[in-house]
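**Student:** Per my numbering, the very first residue in the sequence shown carries number 446; after that it's consecutive.
Don't be surprised by glycine CBs; every beta carbon is placed ideally from N, CA and C.
My questions all concern the structure below.
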Amino acid sequence: MGNFETEIESVPITKERRVPKDVDVLNNAGLPRANIAASRERPSGTEGRPRQRTVLQQHVEFFDRDHDGIIRPYDTYYGFRRLGFNPLLCLTAVFIIHPSF
């Protein structure tokens, strides 16, 4: 770590949840990337993702199954299912997300 403190004696949570030691795995972590969602696990982004689309466009494309440019409630439901969430949580997500937008 640098020349700064990462733990405070009077705040136990700062000792329980220590700062990761391998944060330098992703070079220039604060650098915006136009077409990849870089992470520590995947510094080059997700393999096979179209490089001619922005990260936001790729995100929307994941949920827009019929590619009509509109994310309908059933698109949200099936998108959450594809992410591995259980049906009840997927349905809850639909009722939280769609009335909000």
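At the level of alpha carbons, what is the spacing between V539 and G524?
**Tutor:** Here the question's residue 539 lines up with position 94 in the sequence shown. Here the question's residue 524 lines up with position 79 in the sequence shown. About 10 Å.
**Student:** So what's M446 in DSSP terms, helix, strand or just coil?
**Tutor:** For the purposes of this step, residue 446 is taken as the residue at position 1 of the sequence shown. Below a pLDDT of 50, predicted positions are generally treated as unreliable, and M446, at 45, falls in that range; the measurement from the model is reported next regardless. Three-state result, M446: coil.
**Student:** Nearest CA to the CA of L471: which residue from R463, P488 and P465?
**Tutor:** Translated into positions along the sequence shown, residue 471 becomes position 26. If we check each option's Cα against that of L471, P488 comes out closest.
**Student:** Tell me which residue opens and which closes the alpha helix (DSSP H) that F525 is part of.
**Tutor:** Taking the sequence shown and counting its residues from 1, one reaches residue 525 at position 80. Taken as a continuous stretch (DSSP letters only), the alpha helix (DSSP H) holding F525 covers P518 to R527.
**Student:** Cα separation between V497 and H543?
**Tutor:** Residue numbering aside, residue 497 sits at position 52 when the sequence shown is read from its first letter. Residue numbering aside, residue 543 sits at position 98 when the sequence shown is read from its first letter. Residue 497 is actually Gln in this sequence, not Val. Cα-Cα distance, rounded: 28 Å.
**Student:** At a threshold of 6 Å, does T451 count as lining the ligand ZN (C-beta to nearest heavy atom)?
**Tutor:** For the structure depicted, the ligand ZN is absent and the ligand set is empty, with no information on it obtainable.
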